[in-house]
Each structure stands twice: as structure tokens, then as C-alpha cells.
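Notes follow once the structure below has been shown.
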Amino acid sequence: MTTKTLSLPSSYSYFTFQSSLSNTAYTFAFTWLTRFSYYVVSMYDSSGTPIFQGRGLHPNMDLLDGLQLGIGKLYLVGDPATVANLGVDNTLTWEY
58 MTTKTLSLPS SYSYFTFQSS LSNTAYTFAF TWLTRFSYYV VSMYDSSGTP
108 IFQGRGLHPN MDLLDGLQLG IGKLYLVGDP ATVANLGVDN TLTWEY
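Using our numbering, you'd call the opening residue of the sequence shown number 58 and step up by one each time.
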């Protein structure tokens, strides 16, 4: 099994970054929903086509669950994410 930690910045309510999973580049967009106090995540392939959009980022919940992509699991480990603690008290982990 391969495990990779994706670095996340704290103190941003919206940000994007790119990372390679299973030798394929993906772009991730994180948006903080102030009203509900959690992040939603969207994932896009290298051409900008959405893989998924607006999935809630919660501890131990696989963002790739049910998509049948065959690229493993992507989930938050640690405390529930906030703008202040993202990437500090938790990590985004990819497991394949």
C-alpha cells in the first residue's frame, strides 16, 4: 500500500493546488462554507474536467468513495478542518 500526505495551507478560505495521484496530475479546489463551518472540495483532471465537485471535507470520510476511479482513497486525518487549523491539526492523505 502507498500512502502520500498532501500539503494543505492554513488561513485560506479558498485555494487550489495540484498533486499527482497514481501518476496522474489533478487539481484540487477547497472552499470554506462559512454558514456551515466546513470545507468543500472539488477535484479536476489535467484538462479541467471535474472528477467531483463540492464534496464535504470531514475526518476519515473518503472523498473518492463511490466514484469507482480505481485510484484509492483520499481522506482527512485528524481534527475537523477549519480555516485556522487546516494542514496544522490534520492532513489530507491519499492511500492506494
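Glycine included, every Cβ here is placed at the ideal spot set by N, Cα and C. Here the structure is a predicted model, which is why all the values come from computation and not from measurement.
(message) Between the alpha carbons of Ala138 and Asn80, how many angstroms are there, rounded?
(response) In the sequence shown, residue 138 corresponds to position 81, counting from 1. In the sequence shown, residue 80 corresponds to position 23, counting from 1. Straight-line Cα distance between these residues: approximately 27 angstroms.
(message) Considering just the uninterrupted stretch of the beta strand (DSSP E) at Ile108, what are its terminal residues?
(response) Along the sequence shown, read from residue 1 onward, the residue named residue 108 stands at position 51. Run containing Ile108: 107-113, per the beta strand (DSSP E) assignment.
(request) Could you please give me the residues that DSSP links to Val97 through a beta bridge? (result) Looking up residue 97 in the sequence shown gives position 40. In DSSP, Val97 forms a bridge with Thr88, Gly113.
(request) Determine the DSSP secondary structure at Gln125, reduced to helix, strand or coil. (result) As a working mapping, residue 125 is identified with position 68 in the sequence shown. It is coil, neither helix nor strand.
(request) Could you pull out every unbroken beta strand (DSSP E) segment of at least 3 residues lying fully inside the segment 128-152, listed in chain order? (result) 130-135, 147-152
(message) Relative to the C-alpha of Asn147, which candidate in Thr84, Val98, Val134, Lys61 has its C-alpha closest?
(response) Indexing the sequence shown from 1 puts residue 147 at position 90. Answer by Cα proximity: Val134.
(request) Measure the CB-CB distance between Phe109 and Met118 and report whether it falls below 8 angstroms. (result) Walking along the sequence shown from the start, residue 109 turns up at place 52. Walking along the sequence shown from the start, residue 118 turns up at place 61. No, the Cβ-Cβ distance between Phe109 and Met118 is not below 8 angstroms.
(request) Quick one: grab the DSSP three-state call for Leu120. (result) Stepping through the sequence shown from its first residue, residue 120 is reached at position 63. Note: Leu120 maps to coil in three-state DSSP.
(message) Between the alpha carbons of Leu63 and Leu90, how many angstroms are there, rounded?
(response) As a working mapping, residue 63 is identified with position 6 in the sequence shown. As a working mapping, residue 90 is identified with position 33 in the sequence shown. So the alpha carbons of these two residues sit roughly 21 angstroms apart.
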